[in-house]
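For reference, the structure is listed below as structure tokens.
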Amino acid sequence: MFEHLFSKGGLSLDRLRRFMQMAQAGSIAKAAPGDTNRQSQISRQIRELEQFFGTELTRRKGKTLSLSAAGERLALLIRQQLQDLEDFRKEQMGQAKSFVIGAGASVLEWMVVPSLPDISQLLSGATLQTEAHRSRSLADAVRDGRVDLAIIRQNAAPAGNHSALIMKMSFHLCIPRALLKRGTTERAAAKPAYWQTLPFAAGRDGGQTDTAVRAAMAEAGVDFHPCFECGSMLQVRQLVELGACAGILPSLGVHGLDQKRTLIIPFVPLKEYGRALVLHWNPRQMRRRGIEETTLRKIARQMGRQPLSKKA
Numbered sequence: 001m002f003e004h005l006f007s008k009g010g011l012s013l014d015r016l017r018r019f020m021q022m023a024q025a026g027s028i029a030k031a032a033p034g035d036t037n038r039q040s041q042i043s044r045q046i047r048e049l050e051q052f053f054g055t056e057l058t059r060r061k062g063k064t065l066s067l068s069a070a071g072e073r074l075a076l077l078i079r080q081q082l083q084d085l086e087d088f089r090k091e092q093m094g095q096a097k098s099f100v101i102g103a104g105a106s107v108l109e110w111m112v113v114p115s116l117p118d119i120s121q122l123l124s125g126a127t128l129q130t131e132a133h134r135s136r137s138l139a140d141a142v143r144d145g146r147v148d149l150a151i152i153r154q155n156a157a158p159a160g161n162h163s164a165l166i167m168k169m170s171f172h173l174c175i176p177r178a179l180l181k182r183g184t185t186e187r188a189a190a191k192p193a194y195w196q197t198l199p200f201a202a203g204r205d206g207g208q209t210d211t212a213v214r215a216a217m218a219e220a221g222v223d224f225h226p227c228f229e230c231g232s233m234l235q236v237r238q239l240v241e242l243g244a245c246a247g248i249l250p251s252l253g254v255h256g257l258d259q260k261r262t263l264i265i266p267f268v269p270l271k272e273y274g275r276a277l278v279l280h281w282n283p284r285q286m287r288r289r290g291i292e293e294t295t296l297r298k299i300a301r302q303m304g305r306q307p308l309s310k311k312a
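Here it is as structure tokens:
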């Protein structure tokens, strides 16, 4: 039935594994850092695979090595087959499967990690691995099988009913009460003129949220010059908790904030900006791995059940 695959040399499990390692790392050097002998071996094994399949699997532009279209397809096939074999091995040994969950760093911290025990239970005691990615790359990672489940913005999800709503996010102005002038009311603190008097922390990654916050401040007439420009919303929240500055946080980011120490009010300029987060998956991969859609939707509902911030 598969005589042609075994009629000539060049195809082996080790060659396929090395090729996939190179594809995941992005280059031969990264697949075997500091080991020139192994790099040479991987290069030779890739050439042997190219001879076996009769096509170029990689392309070089200057010093950069990238996969050809055929190479990308082969990497996907290898990943699927090895995952199937690993799942089969674990099933026969009575061991739990492993799944990779991807999301942005702040979503992992605020939403995914607190839900990991429940997600594992819904996946029959599976071992869970978390990976931080931007939404724009997560959809590709799910498509390619590098990530099993991803939490992404709804508008970043590919067309098709392969996602489940987790929650709709809103944005909040968070001001340490220690920074409020004596007698300042919540109503007064919600006015743009008051924001001008506050030190702020904001993002600096140029992402959608960072850009939206800065544009909203400008439209509200605020000369917005943050004292701290952070690499993530996690850092903005940490500075707010320290009482060092105010910040604009998504609804996920206010969970757990102590309202005795922090005034939390809706950030009206972004009232219409609220974004939906969804759990996204590859239906073909989930079928191969024995996960039903009903289970995936339960996972989405579980992640949407987050505790409220501490009340005063």
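Heads up: the sequence shown at position 49 corresponds to 49 in our numbering, and the numbers run straight through without jumps.
We treat Cβ as the ideally placed atom computed from N, Cα and C, and that holds for glycine.
1) Quick check on H4: does DSSP put it in helix, strand or coil?
2) Report yes if the CB atom of K97 is closer than 8 Å to the CB atom of A139, and no otherwise.
3) In chain order, what residues of the same chain lie with their CB nearer than 6 Å to the CB of Q81, ignoring the 5 residues before and after it?
4) Under a CB-based cut-off of 8 Å, is A156 close to chain B?
5) Any chance you could list the beta strand (DSSP E) runs of at least 3 consecutive residues sitting entirely within the stretch 225–307, in chain order?
6) Am I right that L252 and V107 are in contact with their C-beta atoms under 8 Å? What's the rounded C-beta distance?
7) Could you please give the first and the last residue of the uninterrupted beta strand (DSSP E) stretch that includes Q129?
8) So, F267 versus L173, is the Cβ gap smaller than 8 Å?
9) Pick from G221, G256, F224 and H225: whose alpha carbon is nearest that of Q238?
10) Buried or exposed: C227, going by 16 or more other Cβ atoms within 10 Å of its Cβ?
11) Put S100 into one of helix, strand or coil per three-state DSSP.
12) DSSP three-state call for K90: helix, strand or coil?
13) Can you tell me which of the three DSSP states L65 falls into?
14) Under a three-way DSSP split, which group does L49 fall into?
15) The beta strand (DSSP E) that contains M167, what's its start and end?
16) Given this structure, state the Cα-to-Cα distance separating A312 from A150, to the nearest angstrom.
17) Under 6 Å Cβ to Cβ from A103, same chain only, skipping five residues before and after it: list those, please.
18) Return helix, strand or coil for R60, following the three-state DSSP convention.
19) Keeping to the same chain, check which residues put their C-beta closer than 6 Å to that of A157; ignore five residues upstream and five downstream.
20) Rounded to whole angstroms, what is the Cα-Cα separation between L67 and A23?
21) Here's the rule I'm using: 16 or more other beta-carbon atoms within 10 Å means buried, otherwise exposed. How should M93 be labelled?
22) Assuming contact is defined by CB atoms lying nearer than 8 Å, are G145 and L76 in contact in what I supplied?
23) Note down the Cα distance separating R305 from F19, rounded to an integer number of angstroms.
24) For the alpha helix (DSSP H) containing R17, name the first residue and the last one.
25) In three-state terms, what does DSSP make of G71?
On the basis of the data shown:
1) Reading the sequence shown from its first residue, position 4 is the one you call residue 4. H4 falls in the helix class under three-state DSSP.
2) The count along the sequence shown starts at 1 and reaches residue 97 at position 97. The count along the sequence shown starts at 1 and reaches residue 139 at position 139. No.
3) Position 81 of the sequence shown, counted from the start, is the residue given in the question as residue 81. Around Q81: no qualifying Cβ.
4) In summary, chain B is missing from the structure at hand, where a single protein chain is found.
5) 228–230, 246–250, 262–266 and 276–281
6) Taking the sequence shown and counting its residues from 1, one reaches residue 252 at position 252. Taking the sequence shown and counting its residues from 1, one reaches residue 107 at position 107. Yes, they are in contact, since the Cβ atoms of L252 and V107 sit about 7 Å apart, within 8 Å.
7) As a working note, residue 129 is residue 129 in the sequence shown. Here the beta strand (DSSP E) through Q129 covers T127 to A132.
8) Start at 1 with the first residue of the sequence shown, and residue 267 comes out as number 267. Start at 1 with the first residue of the sequence shown, and residue 173 comes out as number 173. Against a cut-off of 8 Å, the Cβ pair of L173 and F267 comes out as a contact.
9) The residue you call residue 238 lines up with position 238 of the sequence shown. Selected option, being the one with the closest Cα: G256.
10) Counted from its first residue, the sequence shown places residue 227 at position 227. Exposed, since its Cβ has fewer than 16 Cβ neighbours within 10 Å.
11) In the sequence shown, residue 100 corresponds to position 100, counting from 1. Just to set this straight, residue 100 is Val in the shown sequence, not Ser. Looking at V100 - three-state DSSP - the assignment turns out to be strand.
12) Counted from its first residue, the sequence shown places residue 90 at position 90. Looking at K90 - three-state DSSP - the assignment turns out to be helix.
13) Walking along the sequence shown from the start, residue 65 turns up at place 65. The answer is strand: DSSP assigns L65 an E or B state.
14) Residue 49 sits at position 49 when you count from the first residue of the sequence shown. In this structure, L49 counts as helix in the three-state DSSP scheme.
15) On the sequence shown, position 167 is the one that residue 167 refers to. S163 to K168 is the extent of the beta strand (DSSP E) around M167.
16) On the sequence shown, position 312 is the one that residue 312 refers to. On the sequence shown, position 150 is the one that residue 150 refers to. At A312 the pLDDT is 38, less than 50, meaning the model places this residue with poor confidence and gives no usable figure here.
17) Counting from one through the sequence shown, the residue named residue 103 turns up at place 103. Excluding residues within five positions, the ones whose Cβ falls inside 6 Å are V112 and I151.
18) As a working note, residue 60 is residue 60 in the sequence shown. Correct three-state label for R60: strand.
19) Along the sequence shown, read from residue 1 onward, the residue named residue 157 stands at position 157. S163, V278 and H280, listed in sequence order.
20) Within the sequence shown, the letter at position 67 stands for residue 67. Within the sequence shown, the letter at position 23 stands for residue 23. C-alpha separation (whole angstroms): 7 Å.
21) As a working note, residue 93 is residue 93 in the sequence shown. Its Cβ having fewer than 16 others within 10 Å, M93 is exposed.
22) To locate residue 145, count along the sequence shown from 1; it is residue 145. To locate residue 76, count along the sequence shown from 1; it is residue 76. It is a contact, given that the beta carbons lie within the stated cut-off.
23) Start at 1 with the first residue of the sequence shown, and residue 305 comes out as number 305. Start at 1 with the first residue of the sequence shown, and residue 19 comes out as number 19. Distance between the alpha carbons of R305 and F19: 41 Å.
24) By one-based count along the sequence shown, residue 17 stands at place 17. R17 -> alpha helix (DSSP H) spans L13 to A25.
25) Against the sequence shown, residue 71 aligns to sequence position 71. Looking at G71 - three-state DSSP - the assignment turns out to be helix.
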